[in-house]
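Using this note's numbering, read the sequence shown as starting at 118 and increasing by one per residue. Data block below; observations after.
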Amino acid sequence: MKKNHVIVIMALWGLTGCDRLSLDESSKVKITFPSTQTLSSKVEAMTTSGDSRPVPTGFSGDRPINCYIIGASGPEESMRRNVCTRDDGTMTPKHIGEWVGGVPAGGSITMDVTSGKDRVITVVGFYAPEGTCKDFKSTSGPSDLMSKPYILGEVGKLQLYAGEEKKVDIDITYDPEKWFDSCDGPDFPDDGPHDGPGGNVIPTKLAIHKDYFPANTLTANTCSSFGVSLRDNENREGSLASETVFSVAANGTPLEIYNSYDECSQSIGGYSTAVIPMGARYKDVIVKGPSSPGALTISTTILSSSAVLANPTANFQNISSGDKGFELEGARSILPDLCYPYNISRRYVTGSYDYGTSSAPITLAPSSGFTVYSDSTCSTPTNSATIAPYAKSVNVWVKMTGAQGQNTLTLSGSGYLSLTQSVYRGSGTNAPWGFEVRGHRDGPTRGQCYNSAYEAVLVNQYHTAVLAPAAMEVNLGPVNTEFFADSGCMTPTSSTVSLAAGQYSLPFYIKTHVSMMVPLSATSPGLSLGLYDVNVRGPLGMGANNIHVSNYNGVCAKSPYGTYCWGNDNGSRILNGASSMPQYVSPAGVDWDYIKMGSNFACGMSLSGEIKCWGQGTQGQLGNGSTAAVTTPTAISGGDYYMQLSVGPSHACGITMSNVLKCWGANSASQLGDGTTTTRLSPVIIDSGTSYKFVSTGGTHTCGITMADDLKCWGNNLGGKLGNGTTTNSMTPILIDSSIKYMTISAGTVSTCGITLPGSLKCWGENSFGNVGNGTSGGNVLNPVEIDTGVNYTSVSVGEQMACGIGDGQVKCWGLNSYGRLGLGGAAGDQNTPVPVSMLSAWGAPMQVSTGSGTTCATTSNRVVCWGEGMEGELGINTPTNATSPMELIY
């Protein structure tokens, strides 16, 4: 098919005086559309399956695609608030946040896009009779004369922040299979009401609520969150056509608001205001609780809104992190005069259940019209309950006869907090309309069990919980998600489960293999589908202990969940196959400390110090005495246990627990250091009699640091990368910079850098692109020279004609900048002195940096970010692309 282009020009404003991304500020995106006369005359056809709408004839003909919509989306809920689908369910739902259109061919449009990371711009087109290119934000127009909409093109992973102008070329192609029927959401009034038959919700108040445990609380000196939502008088959530800006206070004292728990815990970038975006219904407000426990009155001040909203206060408690309390588990909105089952559980405020060895008597204090019962027929009212020893909960039943709106239940007991929860008297009748899915929006880690329950709740048209009139079959989704009956994910269940008669809730636990966002769903024949988007963290979303970038387009990192690798799978070195996002490395019986990859093989060191290798072995690089390839981790010869491992393109070295240096693999340049050029199929002792504590393998040379802190190097000396003042190869280790003691060393492809014991950084070797970092470019530097004088370095990594290090708490890079491997953003060129990496400070203090042939990755206290070359998936961001600035691994 002929590909055509739209030009997206981004002019960004807003983040003055700040180098971090804001999710509450917008960027300008201008799109210019080609006219139909400039597009291909190829005519496409499709089967309409009886659809009465006209079928486009491609980009020309008598029914050309001549009307366009532009959508912008991102990972936040507000940037996914509209969903486009096919009526027959054969399409994966397409989420769109902000959008504008329609715009006729040859026109242009400027739209505001909320700034932030991972923005996706989507081009949608359709045929419309001349003069009727429609603005779908109105409710008029000859929609029956228009074709179905088609997804024509998309560009993703855009990072919108201040001070950058970006031109993006989007290929647009008419594919007759990429159609959808309609979009639903707050921005698409043509598709009817979005809250069921009850009609659109018109917000009348800004409600404060924390319905999850511990309800209506903050924790002293600890980051906590609560919801602020737009609601009507029946407590249903709605949205407005413009943003709502507000501030928050506790007992009249303003609270700083954070974008994430991680930023809050590090006190990074607190704001005085929060925003419920246009079309969104709520904002999760993250704050740090005041220092002193006690009663809190939480209030909001509305600073900007298109509606007149009441802003009632909420009574909270400020509690201590070691406290525990009781939780009423069940529906938050129920019908009057029906008997609803609930659980009361005992939990620590950290969220875990309390299986105490003693019984736990509970005092129940309901508000007027709200009654708790001890039996399933609601015949025996009670103001107390008891959780048995070693049990986490007790069953109770609830009936409501009170006033419309909020009713409360206070739960207290000796040794437990007194906590008050809200239950609302809902509207409508006990007639099932559909399902809602509820639970924590931010929780699961891809591939890991999430120990907090989700639930499918049977509701009526007003989203009030109703009791099933008979047992019904409920289908849970999506695919690529496993469902379990227990919090440890030990008891799997089918995606088809049964809701018993008289019940309204089906709790379940998940392990999902979906990246970034999982649309949990629940449905039953004849009822409305319930969808609930849950943010899925990548396995490295909370940081990594060790990360290692290969010179051959691959990366491995150790997270709290295990060891993961991604990128090019040359030689089957990743085990699970090539991937553009981290894949778990899970050979039976191995708990890796870290894994490092060569050109076509990999080696890993277990926590116990055992080294195993796999992949291609033609040069003895597997160290197992053979040249045969192996597809599973195989122990190297010798039976030693090691304290450190370094892997080069085709050779590797390790230091045993007794500080003996051993190397194996390719040796054509004497990079093993055994005095020969003979390939070694098994580890051989190097520099016998000398004790080593650190080793680094370069392309064709190797360097190590002895227990006396002396630096030695050997192998190929092209460009002077050994640092001994010559370009002569050395077949055995030779002393370098003899008067200086070193604490770490990094051997790259053509140059070498080391950090001395005082923390000074020295580099040497070939310097074509300024990769030595001494302020010059070209020639060779044959002896170690200090660079970035006065800066204290703690880490350094040398790749191919470039290097990066951590100095004075900053990641700095220098040398060749092709593919953006220095991470400087924009169109920066090569650098012959260390330069701070663009925007990295937004993710906290750096812990480690590692660089390879064109890719660099760094870890912070709770993040993993990568930049540079990424066309083989080595950035780990689920999209083959290059990046000139750090990209967070969220998948």
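For each residue, glycine too, the CB sits at the ideal point set by N, CA and C.
Residue i: first and last residue of the uninterrupted beta strand (DSSP E) it sits in
i, result
"F487", "487 to 490"
"A769", "768 to 773"
"K234", "233 to 243"
"A809", "The sequence as given places Tyr at residue 809; Ala does not occur at that position. Y809 -> beta strand (DSSP E) spans 809 to 814."
"W881", "878 to 883"
"V540", "533 to 542"
"A482", "477 to 483"
"A366", "361 to 367"
"E599", "598 to 601"
"A674", "671 to 676"
"Y291", "Here Y291 belongs to no beta strand (DSSP E), and DSSP marks it neither H nor E."
"A944", "Looking at the DSSP string, A944 is not in any beta strand (DSSP E), and its letter there is neither H nor E."
"P296", "Note that residue 296 corresponds to Trp in the displayed sequence, not to Pro. Premise fails: W296 is in no beta strand (DSSP E) and is neither H nor E."
"G832", "828 to 832"
"G442", "441 to 446"
Residue i (DSSP reduced to helix, strand or coil)
i, result
"C381", "helix"
"G924", "strand"
"P314", "Note on P314: pLDDT 29, under 50, position unreliable in the model; the coordinate value appears next. The answer is strand: DSSP assigns P314 an E or B state."
"N687", "helix"
"G837", "helix"
"Y375", "strand"
"G871", "strand"
"G790", "coil"
"Y936", "helix"
"R197", "helix"
"I124", "Low local confidence applies: a pLDDT of 46 at I124 is under 50, so the model's placement there is unreliable, with the coordinate-based value given in what follows. Strand."
"L957", "helix"
"S763", "strand"
"N512", "strand"
"E989", "coil"
"V702", "coil"
"T819", "strand"
"D710", "strand"
"P951", "strand"
"C566", "strand"
Neighbourhood of residue i by C-beta distance below 7 Å, restricted to the same chain and skipping five residues each side
i, result
"M163", "Because the pLDDT at M163 is just 30, under 50, the model does not fix this residue reliably, and the value given afterwards should be weighed accordingly. Hits under 7 Å: V172, P293."
"P221", "N183, C184, C250"
"S696", "W683, G990"
"V777", "I802"
Sequence-distant residues of the same chain with beta carbon closer than 8 Å to residue i, five excluded per side
i, result
"S408", "A337, N338"
"A588", "S615, L616, A617, A618"
"I851", "K829, C830, W831, L839, N841"
"Y859", "I822, D826, D827, L828, G871, I872, T873, L874"
Cross-strand partners of residue i (DSSP beta bridge)
i, result
"P624", "E572"
"V913", "G922"
"F552", "L575"
"I802", "K779"
"D650", "P636"
"A412", "Q434"
"K729", "G721, A752"
"D401", "G344"
"G406", "A337"
"V973", "First, the residue type needs correcting, since residue 973 is Thr and not Val in the sequence shown. Beta-bridge pairing links T973 to T968, W984."
"A695", "In DSSP, A695 forms no bridge with anything."
"L526", "P483, Q538"
"P963", "T977"
"G188", "W216, T239"
Beta-carbon contacts of residue i that lie in its chain and below 6 Å, excluding the five residues immediately before and after
i, result
"T518", "P453, G486"
"S437", "A337, P410"
"L275", "R236"
Touch test, the region 570 to 577 against the region 506 to 518, Cβ-Cβ under 8 Å, three pairs minimum
no
If contact is defined by three or more beta carbon pairs under 8 Å, each pair taking one atom from either stretch, is the region 941 to 958 in contact with the region 912 to 929?
yes
Examine the Cβ distances between the region 498 to 507 and the region 536 to 550 and report whether three or more of them are shorter than 8 Å.
no
Should the region 322 to 330 be called in touch with the region 348 to 363, which here means at least 3 C-beta pairs below 8 Å?
yes
Using 8 Å as the threshold, is the region 622 to 634 in touch with the region 931 to 943, meaning 3 or more CB pairs across them?
no
Cβ contact (3+ pairs, closer than 8 Å) linking the region 807 to 820 and the region 833 to 846
yes
Three-pair Cβ contact test at 8 Å for the region 720 to 737 versus the region 749 to 767:
yes
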